[in-house]
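By the working numbering, the letter at position 171 of the sequence shown is numbered 172, and the numbering carries on one by one without gaps.
From the three backbone atoms N, C-alpha and C, an ideal C-beta is built for every residue, glycine too.
Since we're looking at a predicted model, the values are computed, not measured.
Let me begin by presenting the structure, written as structure tokens, before commenting on it.
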Amino acid sequence: MALIVEFEIQTPILRRTVESVSRIEIEEIYQSETGQTKFISWVYGEDLEAVPAALAADDTVGEFTLLEEPEDRRLYSVTLSARGEDHLTYPTAAEYDIGYLEITVTGATRIRARVPTREALFAYRDVCREKEISFRIKRIFDESVATGDRYGLTERQREALLIALEEGYFDVPRETTLSAIAAKLEISDQALSARLRRGQANLLRNTVRERAPTS
């Protein structure tokens with residue numbers, strides 16, 4: 002049975018930026034066609050006009066693009082710099098089939114992840130230490146007893162999937178559009194697309210793959 006692990010790491014990635022805001026929530030991490038790592042991130046704070054300057058001064062950030070700007074937050078695409086890449090632990094997580102469920106950057110970087118085994122967790126921890134990134138487990142429990150966490154879904158993923166299902170987004174032909182659902186959730190099309198993909202991936206890991214016969 003897989004584990005749900007909540008842990009904190011002290012990484013310089015986005016650290017200078019978050020000093021100017023209240024928190025950053027990372028929706029998605031992926032690699033571009035050129036091999037650069039990108040974050041799709043919601044930024045929250047009282048002075049959101051100061052975010053571009055904070056990102057520009059952050060030496061773990063290479064480039065950034067504003068995607069959406071509702072009243073209380075901003076959605077940015079952030080490309081990591083070489084220094085940011087040096088401190089990135091996501092490739093290790095992917096290597097050991099560790100799935101990030103939530104990532105929040107404040108005083109520390111808090112991560113909620115689905116981990117297949119304790120051995121995978123310890124391997125990830127060891128890489129953090131090799132990179133001189135402190136690692137501290139906050140909570141760890143079997144996925145089967147995770148409250149409100151059936152199939153490894155976060156609440157935001159569950160909400161997005163349910164609305165998409167109820168509105169007919171998965172019907173053939175489709176009864177609604179990605180933009181219409183995003184408007185209901187008050188997020189961008191890109192953020193919704195990432196949320197749906199991550200939610201569907203979690204469902205597949207916890208249903209189809211968990212039940213796959215072994216040879």
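Alpha carbon to alpha carbon, what distance is there between residue j and residue i?
i    : j    : result
L154 : D48  : 32 Å
V22  : E133 : 25 Å
D143 : A54  : 42 Å
A114 : G108 : 19 Å
R157 : F123 : 28 Å
D190 : L179 : 6 Å
I141 : R111 : 13 Å
I104 : D172 : 31 Å
D73  : E187 : 11 Å
F40  : L193 : 14 Å
F136 : Y125 : 9 Å
R24  : L204 : 28 Å
Y170 : A181 : 10 Å
R159 : G200 : 7 Å
T118 : E26  : 26 Å
C129 : H88  : 9 Å
T45  : L68  : One detail in the question is off: residue 45 reads as Tyr in this sequence, not Thr. One C-alpha to the other measures close to 14 Å.
I10  : A94  : 13 Å
R206 : L4   : 13 Å
Under three-state DSSP, which class holds residue i?
i    : result
G200 : helix
I138 : strand
D190 : helix
I10  : strand
I164 : helix
F123 : helix
I99  : coil
Q37  : coil
D73  : coil
V128 : helix
V173 : coil
S180 : helix
Quick check on the burial criterion: 16 or more other C-beta atoms within 10 angstroms. Buried or exposed for residue i?
i    : result
Y77  : buried
G85  : buried
Y31  : exposed
V79  : buried
L197 : buried
V116 : buried
A121 : buried
Against chain B, does residue i count as a neighbour if the rule is that its beta carbon must be under 8 Å from one of theirs?
i   : result
L81 : Chain labels in this structure do not include chain B; a single protein chain is all it has.
Quiz item: Is the stretch 54-64 touching the stretch 8-22 in the sense that three or more CB pairs, one from each, lie closer than 8 Å?
Solution: In short, these stretches touch, since the Cβ pair count reaches three.
Quiz prompt | Three-pair Cβ contact test at 8 Å for the stretch 160-176 versus the stretch 34-53 | solution = At 8 Å Cβ cutoff, the stretches do not touch.
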